[in-house]
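For the sequence shown, the residue numbers in UniProt numbering are 1 to 336.
Report on the following structure.
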Amino acid sequence: MSQSFDIAVIGATGTVGETLVQILEERNFPIGNLHLLASSESAGSSVMFRGKNVRVREVDEFDFSKVQLVFFAAGPAVTLSFAPRATAAGCALIDLSGALPADQAPQIVPEANPQVLANLSKPFQVSSPSPSATVLAVALAPLRQCLDIQRVSLTASLAVSAQGRVAVSELARQTAELLNARPLEPKFFDRQMAFNLLAQVGTPDEQGHTQLERRLVSELRQVLEQPLLKISVTCIQAPVFFGDSFSVTVESAGPVDLAKVNAALEAAPGIELVEAGDYPTPVGDAVGQDVVYIGRVRGGIDDPAELNMWLTSDNVRKGAALNAVQVAELLIKDLL
């Protein structure tokens with residue numbers, strides 16, 4: 001592509017932001033000028049891009065008319081504060097925070113619902129779903145051709161990196177303390193995280209569901225274009241630095257043909273189907289990779305309409321940064 005685009009990345013010093021910049025370079029995204037932005041606390045640092053250190057500047061002072069596309073890889077508050085400025089300047093934006101309503105910035109997973117982009121108008125506003133919703137959409141989308149999906153039940157074992165560098169540092173600190181037989185005082189997490197499982201990620205509402213669980217359900221329904229799909233989800237915090245894993249049960253309206261399921265998964269983009277008898281893990285397979293690994297594909301023990309699967313994927317890379325870049329590639333190819 002001969003045309004180049006001036007790009008801004010907000011949240012460039014975070015785990016997702018840094019990975020996003022790395023993927024833009026790896027995939028030779030046609031960038032003219034790259035502007036890296038963050039809060040005043042992170043401004044002044046630098047991030048490597050194409051062999052040079054690019055200085056991170058304060059987002060408060062940025063003139064959005066300098067760029068055609070902005071990635072929002074910071075928190076919801078940042079998106080709500082600066083998205084109107086970006087849109088007013090005519091910028092396309094891709095938000096990873098979940099802050100914008102679906103009717104304003106629809107959730108896009110290129111392997112599942114790229115056709116949604118054709119219905120948008122300038123300045124384009126789209127969202128990249130939560131890493132969990134992205135991974136599940138990639139895995140479930142190809143099954144629509146061979147199953148009439150009625151319900152999805154899942155347990156999501158989430159890596160601590162979803163909560164940023166401070167959570168990664170806390171897990172490392174706790175692990176070191178315990179391995180050295182020193183007393184443990186939890187700081188970021190409300191209890192011991194190392195060598196443990198926490199039954200919720202975030203604070204539950206009056207019905208007992210966390211914001212992350214509700215977000216996952218909403219985003220997955222939208223991306224799969226099944227607004228009435230029944231979804232049961234429990235998100236747990238696992239003592240893993242990077243890489244989310246999911247135990248997924250799909251209930252179909254009729255008997256599951258495992259041969260057709262395996263063929264659909266084998267042919268689908270963004271999926272690596274692990275051969276029967278084996279299974280993928282976050283550390284051994286998913287971390288640093290660009291696909292969703294699927295294993296333990298099997299029917300129900302006593303229900304012919306049930307399908308069970310095990311998924312794992314790099315939450316920061318595939319679930320967040322790569323999906324956002326893939327959406328951007330579709331935007332510049334067909335729309336910008």
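The beta-carbon is built from N, C-alpha and C at its ideal position, and this holds for glycine as well.
How far does the beta strand (DSSP E) with K230 in it reach, from first residue to last? Locating residue 230 in the sequence shown gives position 230, counting from the first residue. That run of the beta strand (DSSP E) goes 230-237.
Check your understanding: Would a C-beta distance cut-off of 7 Å place L34 and I7 closer than the cut-off?
Key -> Mapped onto the sequence shown, residue 34 falls at position 34. Mapped onto the sequence shown, residue 7 falls at position 7. Yes, Cβ-Cβ distance for L34 and I7 is below 7 Å.
### Task
Taking 8 Å as the threshold, find out whether the segment 284-291 comes into contact with the segment 305-325 through three or more Cβ pairs.
Cβ pair count under 8 Å is three or more, so yes.
Less than 7 Å between the C-beta atoms of V256 and L220, yes or no? Your numbering for residue 256 matches position 256 in the sequence shown. Your numbering for residue 220 matches position 220 in the sequence shown. No, the Cβ-Cβ distance between V256 and L220 is not below 7 Å.
Beta-carbon separation of L212 and G202 under 7 Å?
-> For the purposes of this step, residue 212 is identified with residue 212 of the sequence shown, where counting begins at 1. For the purposes of this step, residue 202 is identified with residue 202 of the sequence shown, where counting begins at 1. Yes; because the gap between Cβ atoms is below 7 Å, this pair is in contact.
Please tell me whether T19 and G319 are closer than 7 Å, where the distance is taken between their beta carbons.
Counting from 1 along the sequence shown, the entry for residue 19 is found at position 19. Counting from 1 along the sequence shown, the entry for residue 319 is found at position 319. 7 Å or more divides the Cβ of T19 from the Cβ of G319.
- prompt: Near N105, what residues of its chain come up, given a Cβ to Cβ distance below 7 Å and the 5 sequence neighbours on each side ignored?
  reply: Against the sequence shown, residue 105 aligns to sequence position 105. The sequence given here has Ala at residue 105, not Asn. Here the set comprises D95, Q125, V126, S127.
Worksheet item: Under a Cβ-count criterion, where at least 16 other Cβ atoms within 10 Å of its own Cβ denotes burial, should I294 be classed as buried or exposed?
Response: Here residue 294 corresponds to residue number 294 of the sequence shown, with the count starting at 1. By the 10 Å Cβ count, I294 comes out buried.
At which residue ranges does the UniProt domain "Semialdehyde dehydrogenase NAD-binding" (6-120) contain complete beta strand (DSSP E) runs of 3 or more residues, listed in the order of the chain? 31-38, 46-49, 52-58, 69-72, 92-95
Starting from A156, follow its DSSP beta bridges and name the residues at the other end. What you label residue 156 is simply residue 156 of the sequence shown in a count that begins at 1. C235, F246, per the DSSP bridge assignment.
Suppose the cutoff is 8 Å on Cβ atoms and the five residues either side in sequence are ignored; what does the same chain contact list for F195 look like? The residue given as residue 195 occupies position 195 in the sequence shown. Scanning its chain for C-beta atoms nearer than 8 Å, with the 5 sequence neighbours on each side dropped, one finds around F195 the residues T175, L178, P239, in chain order.
Review point. Would you call the CB atoms of L322 and D302 closer than 7 Å?
Key: Position 322 of the sequence shown, counting from 1, holds the residue named residue 322. Position 302 of the sequence shown, counting from 1, holds the residue named residue 302. Contact flag unset, no.
| request: Go through its chain and collect everything with a Cβ distance to A102's Cβ below 6 Å, but skip five positions before and after it. | output: Numbered from its first residue, the sequence shown carries residue 102 at position 102. Correct list, in chain order: Q222.
Determine the DSSP secondary structure at G295, reduced to helix, strand or coil. Position 295 of the sequence shown, counting from 1, holds the residue named residue 295. Looking at G295 - three-state DSSP - the assignment turns out to be strand.
- Unbroken stretches of the beta strand (DSSP E), 3 residues or longer, contained in the segment 254-336: 271-273, 292-299, 306-313
From N113 to L184, what does the alpha carbon distance come to, in whole angstroms?
Numbered from 1 along the sequence shown, position 113 holds the residue referred to as residue 113. Numbered from 1 along the sequence shown, position 184 holds the residue referred to as residue 184. Answer to the nearest angstrom: the Cα atoms are 46 Å apart.
Quick one: residues in its chain with C-beta nearer than 8 Å to the C-beta of A264, no 5 flanking neighbours on either side, listed in chain order?
Along the sequence shown, one-based indexing puts residue 264 at 264. Same-chain partners within the cutoff: P142, L143, Q145, C146.
(request) State the DSSP-derived secondary structure class of residue 357, mapped to helix, strand or coil. (result) The requested residue 357 does not occur in the structure, where the chain is confined to residues 1 to 336.
| query | Residue range of the alpha helix (DSSP H) that S4 falls in? | reply | In the sequence shown, the residue the question calls residue 4 occupies position 4. Counting along the chain, S4 falls outside any alpha helix (DSSP H), and DSSP gives it neither H nor E.
| query | Any idea what DSSP makes of S128, helix, strand or coil? | reply | Counted from its first residue, the sequence shown places residue 128 at position 128. Coil, per DSSP.
Is it the case that the segment 115-125 contacts the segment 230-237, given that we only count it when at least three CB pairs across the two stretches are under 8 Å? no
Looking at I236: is its Cβ nearer than 7 Å to the Cβ of A199? If you number the sequence shown from 1, residue 236 lands on position 236. If you number the sequence shown from 1, residue 199 lands on position 199. A contact, by the Cβ cut-off of 7 Å.
Point to revise | Sub-7 Å separation of I10 and A74 beta-carbons | key: On the sequence shown, residue 10 is found 10 positions in, with the first residue counted as 1. On the sequence shown, residue 74 is found 74 positions in, with the first residue counted as 1. Taking 7 Å as the Cβ cut-off, I10 and A74 qualify as a contacting pair.
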